[in-house]
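In UniProt numbering, the protein residues as written are 1 to 347.
Everything on this sheet refers to the single structure shown next.
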């Protein structure tokens, strides 16, 4: 039996092995590479499709009898004989865009470099520079209804588009991607609102929500105003910490990769990504703010309270005027699946 392709030789177990797959397997083991599958981890692997999914290709190599320890021992012997340089430190769970960049790194690659690269990719995924948000603001920092809706649309679109382009997230099942964003979109929205210093003056917010045109009972007015106050408080508490762009990106990744969403297909994997994001934030705080040893803890403690901001109130305040009765969950799914081609008013 063959793995794939016409250029085979026989291995010790009598299996015919394609030379391309043999080299691919040795390279994967030598560098301790980890791949992800964009499908259901059961992709067809043959001569014509073998390069389409490295995860399933490596899986089939092992299924056909290729062994990690054999390839590893061969590498060790070659190193001892001085024929090849020692392999670089392993970077478990690193997506392909990381792996491509590690070939030129020397053997002194540290965990700090790994985490810095991760943060760099989180930052690079931002669809709008923070300065772009400022174009919506007026000089007196008081926004009109249309400007409020425009900025809110940018903040929501930015959250979804950012998620689509960060490491690991695109490799998840689409159903998992949708489930995560539907659960945490309001938390990402609050973080983005704080990052761009979104003005949250009560009068224009109420006008944007159309509450002046649809009277409600006194109790409901009080309750609604309380929700606006909570939103304002969460944004202000983040501003007080002077969170920088890298920290915001890490916080958003920690929020996004939560195991609290219902129906996730790979909870352990998502949890491991969240842990990577926490480690990246901790290392960043330690290196960039050495005189603030409690900074990492203070940032993490801000996250649970983000859920106190009512997603229904955010929807009422900012999006009813744009999308009417369309559920925000439907909007998020359409944004995720359409990507940059998604269009709506103000975008």
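Note that the Cβ used here is the ideal one computed from N, Cα and C, for glycine as well.
Query	Result
Is residue 165 helix, strand or coil by DSSP?	helix
Could you name the residues of the same chain whose beta carbon sits closer than 8 angstroms to that of residue 139, not counting the 5 residues immediately before and after it, in chain order?	Per-residue confidence for residue 139 stands at a pLDDT of 41, beneath the threshold of 50, marking its modelled position as unreliable; the derived number appears in the next sentence. Excluding positions up to five away in sequence, the list is empty.
For residue 27, which residues from the same chain have a beta carbon less than 8 angstroms from its beta carbon, with the 5 sequence-adjacent residues on both sides left out?	33
What do you get for residue 44, buried or exposed, if any count of 16 or more other CB atoms within 10 angstroms of its CB means buried?	exposed
Anyone know if the C-beta pair for residue 197 and residue 237 falls short of 8 angstroms?	no
Do three or more CB pairs link the stretch 116–128 to the stretch 289–299 at distances below 8 angstroms?	no
Check whether the Cβ atoms of residue 153 and residue 185 sit closer than 8 angstroms, and answer yes or no.	no
Can you tell me whether residue 345 is buried or exposed? The criterion is at least 16 other CB atoms within 10 Å of its CB, across all chains shown.	The predicted model places residue 345 with a pLDDT of 44, which falls under 50 and marks its position as unreliable; any figure quoted below should be read in that light. When all chains shown are included, residue 345 counts as exposed.
Where does residue 252 land, buried or exposed, given buried means 16+ other C-beta within 10 angstroms?	buried
DSSP on residue 262, reduced to helix/strand/coil?	coil
Could you give the DSSP three-state label for residue 195: helix, strand or coil?	helix
What do you get for residue 312, buried or exposed, if any count of 16 or more other CB atoms within 10 angstroms of its CB means buried?	exposed
Looking only at C-alpha atoms, which of 115, 182, 315 and 173 sits nearest to residue 39?	173
In angstroms, rounded to a whole number, what distance separates the CA positions of residue 25 and residue 63?	12 angstroms
Only counting the same chain, and skipping five residues up and downstream in sequence, which positions put a Cβ closer than 7 angstroms to that of residue 298?	241
Suppose you measure from the CA of residue 308 to the CA of residue 190; what does that come to, to the nearest Å?	11 angstroms
Hey, could you find the ends of the alpha helix (DSSP H) residue 269 is sitting in?	267–288
Apart from the five residues just before and just after residue 255, which ones in its own chain have a Cβ nearer than 8 angstroms to its Cβ?	184, 187, 188, 191, 303 and 306
Tell me where the alpha helix (DSSP H) around residue 329 begins and ends.	328–338
What is the DSSP secondary structure of residue 20, counted as helix, strand or coil?	helix
In terms of residues, what are the limits of the alpha helix (DSSP H) holding residue 292?	First-last for residue 292: undefined, no H or E at that position.
Taking C-alpha atoms, which residue in 328, 287 and 151 lies nearest to residue 115?	287
Taking the C-alpha atoms as reference points, what is the distance between residue 195 and residue 157?	15 angstroms
In angstroms, rounded to a whole number, what distance separates the CA positions of residue 60 and residue 149?	51 angstroms
Determine, using beta carbons only, whether residue 193 and residue 235 come nearer to each other than 8 angstroms.	yes
Quick one: grab the DSSP three-state call for residue 42.	coil
Within the continuous alpha helix (DSSP H) that includes residue 59, where are the two ends?	54–63
Using only alpha-carbon positions, find the residue among 42, 180, 23 and 272 that is nearest to residue 336.	180
Using the Cβ count rule (16 or more neighbours within 10 Å means buried), how would you classify residue 125?	buried
According to DSSP, simplified to helix, strand and coil, what is residue 304?	helix
Please return the same chain residues whose Cβ sits closer than 7 angstroms to the Cβ of residue 37, not counting the five positions on each side in sequence.	43, 53, 55 and 56
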